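Working notes, beginning with the structure itself.
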Amino acid sequence: MENLPLEGALAVTFVRSLLAHANIVGIDATAAEALPNVQVITAADMDLGPFGPPPFPGLNPGMGHPLIAVDRVRFVGDIVAIVISDDRATGADAAELVSVDYDPLPALVSPHDAAKDEVLLFPDAGTNLATRTGSPEHDEKLFDGCDVVVSGTLVSQRMAPCPLEPRSAAAELGPDGRITAWLSTQTPHQDRMVLAGTLGLDPAQVRVVAPDVGGGFGAKMLNVEEVLVAWLARRLDRPVRWTETRSESMVALPHGRAQRLDFTLGGTKDGKVLAYRLESLQDAGAYPVLGAFLPNLTGLMASGVYAIPRIEFEGRSVVTNTTPISAFRGAGRPEAAQTIERALDVFAAELGMDPAEVRRRNFIPKDAFPYATVTHAVYDSGDYAGALELALRSVGYDDLRDEQRRRRAEGGATQLGIGISTYVEITNGIDETEFGEVEVTPDGGAIVRTGSFSHGQGHETTFAMIAADRLGMPVENVTVHKGDTDEVAKGTGTYGSKSTQIGGAAARLAADKVVEQAKQLAADYLEASPDDIVLDPALGRLHVAGDPAIALSWADLAARASADERLAELKAEHEFKSAPSFPFGAHVAVVEVDTETGRVELLRLVAVDDAGTLINPLIAEGQVHGGVATGVAQALYESFVYDDDGNPLTATFVGYAFPSAADLPSWEAVEMETPTPLNALGAKGIGESGTIGATPAVHNAVVDALAPFGVRNVDLPANGENVWRALQEAKA
Ligand code: MCN
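Numbering follows our numbering, in which position 522 of the sequence shown is assigned residue number 509; successive positions increment by one, without gaps.
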C-alpha cells in the first residue's frame, strides 16, 4: 500500500503498549506534537465503540477490543495512541516521544491462572472465561470395560503466523463520500460488511480492495488496525496509509494455537479403543476473537480417523494478557489431530503394540461413509487404512523398523525414530456459500470473478482451469479476478481451505450456465434449435449436432455478440453452498535423535494427503509442501514465549525459531484421490492438510526414538532443549 499513488497521503504510526496489563494514568503528546506536522490521536478523540467481540453464540459480550485503549492496556502491543505525520520516519520518531504514564497491574500469562478469575482483564465481565463448549459433566462409567487406560497432556504451543510480507493498509475518502480501503486481507467482502458496520456506514459506501497481500496463513483478517486506518481517512478527510514493521507484526498480528489438552484414552488389551476424554483450555489472548472458538473445532474433530464409541469433550477459552489468538493454518483441527495421534501412540506403547497396528484396529472402515462420529461430525468419504498402507509402503516401514532395532541393539548415541500420524480434517467447516461469475470477453476468452481470495494458493491457475475445462477454452484465455468488492458482487473469502470446493464449484457451475446460454446464442446465429447445438470442448467450438462444419468458435461467437450488443448473454453467476468435507491422510516421519545432546534431525517425511479429486496436482503438492513446513515448524522449532510479566521474549526472528528451507528436508508427497460426493468437482481442501498431518508424525517420531530410555512424552516443540529435559526426567 506504500506504493499506491495516493496524493497527499498521511502516514499512520501506532503507539503500542510496552506493558502487558496496566491502567493508563495519562498520555503526554506535547513532545511528539512539537515535530513538524505531527498530530497525536488518543482514546479521547475516538467516537467508535469497541471492536468485537464477534457475534458468536456464547461469547462473553463484555470483552470487546477498544480501538484505542481507553483506560487499560491488556497486552504488549495494545494501541494506546496514533501518530499522524507526513512520512513514516517522522511518525516513528514521534511515537517514541509519546509519553504514557501507566499504573501496572498483575499480568496473567498462563491460561490456567486466568481460569482462577483472581485477576480480571474485564472487571465488568466478572470472569476471564470468554466461552465454553462441550460438557463439564464427567461420566464415571466412561472407561468401563477398558483393560488399559492412558492419559497425558499436550500443549499445542502458541505460534506467530509470520507472513514474510507484514500487513499494510491504506484508505481514501472519495468525492462521493465513499470510502475505499486497500487491505492485506483474505476476506475482502466480509471486511466490507464489518467495516461498514463498525464505522456506522451502509455497505454500499465502502469498497475494499485486496491486492497481492503476500502470505496470510489465516491471520490476515480485519483487525483493529485496518478499522482505524479507514476511520482516520474519514476523520482527517485525507488519504492515510500504514505498514506494519516486523516486530509490530510479531506482537500485533494475531497468534495461533495456544491450547492445552488433557487426554485420557482407554481400550481393550488387543488394541481396540473404547473411550476418550478430552479437555481443552484455550488461551484466547487479551481480546477474544476467532481463537476463542478453536476448541469447538477441536471437539468436533476429536475422534480423528477412528471409530471411538464413547467420547467426552469439554473446552474452555480464557482471556490472558497476551496477543489475541485467531486462526492460523489448521485452526483448531491440528490440536485435535495432535492429541488423538499422541494418545494412540501412548496407548500402543502401553500395550507393546506397533503404532501402525493399533491404528489399523480402530480405523473407520472404507465402506462406512458417510460416517457420523459421536462428536457429530459427518465425514463425507475416506479410505483411512488405504492412506496408511500407502504411506507405510512409500516410506519402507518394515525396513526402517529393522534399522531401528539394529541401532537400538548397538546402543549408539544417535537413535532412529519413526512416527506415524493418520489424520482427518474439516474444510468449509461451517457450510458456507461462495460466489462465482463467468463472463466471455469480446476476444472470445473469459473472466472468472470469484468471491474467494488467493494469496499464494494459485486460484489464478486452478479456477481458470476449472472454467476453461467446462468452456473448452485454452486455460491461458481465462483470467481470474478477485479481491475488489466493486468488481466482484459477493464473496466470503479464503480460510478453512474452502475455496476450491465452494468457490471453484461455483465457477464451474457458472461456466456451465454460460455454455447453455452460448448454445442459445449460437442457435440464433446458426439458425438451428438450441437443443441441437453442442459444445466440442476439445476444439472450443459450438456446432450443430451431427454437423461439425456448421460451427462457431468462442471468438466467432463473442465477435458477433459484441457487434449485436448481445455479449451480456454470455455472462452468468452462481452461488454454491455445501456441507463441510473431510480431507484425510497419513504422514510418516523419520528422525535421528542424539540422545546425549537432544539434537533432533528430521531425515524424511512421507505425506499422503487425500483432498478428493485434484484440480492441479502440482499446485496441490505445493500446498502440501508449505503446509508440511508449518507442521514441522510446530513439531520442532517455533514457540512464542512470554515472561511472567507478559513481555514477549520471541518478538523477532532472532528469538523466534522460524525455520528456513535449509532447516528442512525435501518432503515426499504421495498422491491419493478419494472424491467427495458433495460437489461436482469431487474436490476437498488441501491448504491445511500438510500442517495437520505433519506435526503429530514428527512429534511421535521423536518420542519413538527415545522409547528405550523410558521417555513417554516430549513437550512441543520437540527441540534439543525439550528432548534433553525429557531424557533427564526419564533418567531421574
Ligand atoms: N487444489 C487442487 N485440488 C484440490 C484442492 C485444492 O488443485 N482437490 C488447489 C486449489 O485449487 C488451490 C489450492 O490447491 O489453488 C488450495 O486450495 P484449497 O485447499 O481450496 O484452499 P484455499 O484456496 O481456500 O486456501 C486456504 C488455505 C489456508 S486456510 C491457509 S491458512 C493457507 C493455505 O491455504 N495459507 C496460505 N495455503 C497458503 N499458501 C500460501 N502460499 N500462502 C498462504 O498464506
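Even glycine gets a Cβ: it sits at the ideal position worked out from N, Cα and C. What you are looking at is a predicted structure, and each value in this text was computed from that prediction instead of being measured.
Between Ala323 and Thr285, the gap from beta carbon to beta carbon is short of 8 Å. Taking 8 Å as the cut-off, the Cβ atoms of Thr310 and Gly478 do not count as close.
Of the heavy atoms belonging to the ligand MCN, none sits nearer than 7 Å to the Cβ of Lys718. Straight across, the Cα-Cα distance linking Ser122 with Ile55 is about 36 Å.
In the three-state scheme derived from DSSP, where H, G and I count as helix and E and B as strand, Asn634 is classed as coil.
No Cβ-Cβ contact shorter than 8 Å links Ala548 with Val501. The Cβ-Cβ distance between Leu513 and Leu554 does not fall below 8 Å. Val619 and Ala681 have their C-alpha atoms some 6 Å from each other. The beta-carbon distance between Ala576 and Ala497, rounded to whole angstroms, is 42 Å. This is too long to meet the 8 Å contact definition. In this structure, DSSP gives Phe62 a state outside helix and strand, which the three-state scheme calls coil. Rounded to the nearest whole angstrom, the C-alpha separation of Ala644 and Ile327 is 26 Å.
Shown here, Leu268 sits in a strand according to DSSP, grouped into three states. Residue pairing by DSSP places Gln246 opposite Ser143 and Gln269 in a beta bridge. For Val467 against Thr437, the beta-carbon gap comes to about 6 Å, under 8 Å, which counts as contact. Cβ contact annotation for Lys564 (same chain, cutoff 6 Å, sequence separation greater than five): Thr420, in chain order. For Asp511, the uninterrupted alpha helix (DSSP H) run begins and ends at Ala492 to Leu513, by DSSP. According to the DSSP assignment, Met180 belongs to the alpha helix (DSSP H) that extends over Pro175 to Leu186. Residue side-chain check: His242 keeps its Cβ at 7 Å or more from all non-hydrogen atoms of the ligand MCN. Judged by the Cβ position, Ser97 fails to qualify as a neighbour of the ligand MCN at the 7 Å threshold, every heavy atom of the ligand being at least this far.
Asn(-10) counts as exposed, since fewer than 16 other C-beta atoms from the protein chains shown sit within 10 angstroms of its C-beta. Selection Asp332, Ser381, Ala536 and Asp519 evaluated against Leu526 yields Ala536 as nearest (Cα-Cα).
For the 8 Å CB-CB criterion, Ala245 and Arg145 form a contact.
Put simply, the stretch 142 to 162 does not touch the stretch 255 to 266. Fewer than three CB pairs are less than 8 Å apart. For Lys353, the three-state secondary structure derived from DSSP is helix.
Distances between the C-beta of Ala667 and the heavy atoms of the ligand MCN are all 7 Å or more. Under DSSP, no beta-bridge partner is assigned to His446. Here Phe696 carries a helix assignment [DSSP, helix/strand/coil].
Around the C-beta of Lys353, fewer than 16 other C-beta atoms lie within 10 Å, and the residue is accordingly described as exposed. Within the same chain, and ignoring the five residues on either side of Arg75 in sequence, the residues whose Cβ sits closer than 6 Å to its Cβ are Ala(-2).
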